[in-house]
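>
Residue numbers (the working numbering): 262 to 575.
#1: DSSP on residue 534, reduced to helix/strand/coil?
#2: DSSP beta-bridge partners for residue 321?
#3: Could you check how far apart the C-beta atoms of residue 382 and residue 447 are, in whole angstroms? I think they sit under 8 angstroms.
#4: Verify whether the separation of the beta carbon atoms of residue 552 and residue 474 is less than 7 angstroms.
#5: What does the Cβ neighbour count give for residue 509, buried or exposed, with the cut at 16 atoms within 10 Å?
#6: Where in the region 351-414 do unbroken runs of the alpha helix (DSSP H), each at least 4 residues long, occur, reported from the N-terminal end onward?
#7: Going straight from the alpha carbon of residue 362 to that of residue 442, what length do you get?
#8: Measure the CB-CB distance between residue 480 and residue 539 and report whether it falls below 7 angstroms.
#9: Please list, in chain order, all residues of the same chain as residue 286 whose beta carbon is under 6 angstroms from its beta carbon, the five residues on each side excluded.
#10: Relative to the C-alpha of residue 482, which residue among 550, 420 and 573 is closest?
#11: Can you tell which of 331, 569, 344 and 470 has the C-alpha that lies nearest to the C-alpha of residue 315?
#12: Taking the alpha-carbon positions, what's the residue 534 to residue 368 distance?
#13: May I have a chain-ordered list of the alpha helix (DSSP H) segments no shorter than 4 residues that lie completely inside the region 540-573?
#14: Between the alpha carbons of residue 274 and residue 529, how many angstroms are there, rounded?
#15: Report yes if the CB atom of residue 212 is closer than 7 angstroms to the CB atom of residue 351, and no otherwise.
#16: Are there 16 or more other CB atoms within 10 angstroms of the CB of residue 425, so buried, or fewer, so exposed?
#17: Between residue 609 and residue 397, which are expected to be in contact by the criterion C-beta below 8 angstroms, what is the C-beta distance as a whole number of angstroms?
#18: Can you give me the Cβ contacts of residue 360 inside the same chain, cut-off strictly under 6 angstroms, excluding the 5 residues immediately before and after it?
#19: Between the Cα of residue 272 and the Cα atoms of 300, 311 and 564, which residue gives the shortest distance?
#20: Could you check if residue 428 is buried or exposed, using at least 16 other CB atoms within 10 Å of its CB as the buried criterion?
#21: To which residues does DSSP link residue 478 through a beta bridge?
#22: Within this structure, are the beta carbons of residue 520 and residue 302 separated by less than 7 angstroms?
#23: What do you reckon, are the CB atoms on residue 452 and residue 358 nearer than 7 angstroms?
The following block contains the structure:
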């Protein structure tokens with residue numbers, strides 16, 4: 262596992278990003294031991310290669326601004342702009358997209374990185390199960406709102422437009438096809454709900470590639486890494502409270518290694534990517550679970566998602 266991470270060195274292997282406009286969701290999480298979340302680490306590594314502009318779209322302004330300040334200590338001249346974004350609210354997503362579009366007519370790279378995991382039952386503002394609504398529906402709407410700009414950028418000479426969806430090997434724990442009844446989904450075990458949201462990431466990325474082949478759309482599994490994503494699990498009794506911190510400290514990969522998978526997918530030569538594919542660390546094309554491979558299920562998810570977005574006015 263660790264050898265796979267060593268195959269990619271962001272400092273050496275990421276090419277010059279001059280002229281590129283990048284948007285990354287998530288990235289405001291700060292850990293007490295000085296480590297960072299995947300989004301922040303991703304932005305830091307991209308910032309070192311001269312992009313035109315990076316947008317950090319995240320919910321908590323104070324944490325996002327602190328993350329930006331930390332990155333600027335390392336890369337003082339990088340242009341980073343904070344976009345307020347709450348993926349549990351379609352209104353917030355629309356505002357974030359509008360704010361971005363008011364500032365930029367170009368978007369080369371969208372990294373749908375933000376996510377929640379193993380949370381208690383709950384629903385988004387639009388009534389979707391909280392993990393499915395955040396990890397899938399929120400990013401689906403954001404991508405749709407930014408799609409015209411992505412497509413317009415892809416028409417320009419020499420461009421290489423990509424959408425990277427951060428999924429997880431945990432999609433294998435989805436023991437059934439995606440459930441569209443949100444009340445039923447909300448009644449399931451927390452990790453089952455998370456697995457379904459990550460399955461949706463893989464299927465939707467494949468369908469995005471099929472519908473818009475001029476954009477490279479892939480999904481990735483970052484690996485089992487030590488981030489704040491597991492905080493909701495640590496607060497669930499003795500087993501999680503002991504096991505999760507142990508795994509984070511001694512077994513799981515660092516955030517720096519975990520970010521390499523999406524950094525690889527975002528910047529590797531285009532001829533090394535298969536549009537619509539799912540990758541594990543690092544650069545290993547993987548078929549995923551039985552349901553991840555289900556073409557009919559992927560098409561159903563795409564159609565259902567579009568119907569839902571249209572019904573909500575998007």
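Ideal placement from N, C-alpha and C gives every residue a C-beta, glycine not left out.
With the given structure in hand:
#1: coil
#2: The partner list for residue 321 (beta bridge, DSSP) is empty, contrary to what the question assumes.
#3: Contact flag correct, Cβ pair sits at about 5 angstroms.
#4: no
#5: Low local confidence applies: a pLDDT of 43 at residue 509 is under 50, so the model's placement there is unreliable, with the coordinate-based value given in what follows. Buried is the call here.
#6: 351-364
#7: 33 angstroms
#8: yes
#9: 318, 373, 374 and 375
#10: 550
#11: 344
#12: Computed Cα separation, rounded: 19 angstroms.
#13: 556-572
#14: Computed Cα separation, rounded: 8 angstroms.
#15: Residue 212 cannot be examined here, being either before or after the span of the chain that is shown, 262 to 575.
#16: buried
#17: Here the chain has residues from 262 to 575 only, and residue 609 is not among them.
#18: 344
#19: 311
#20: buried
#21: 424
#22: yes
#23: no
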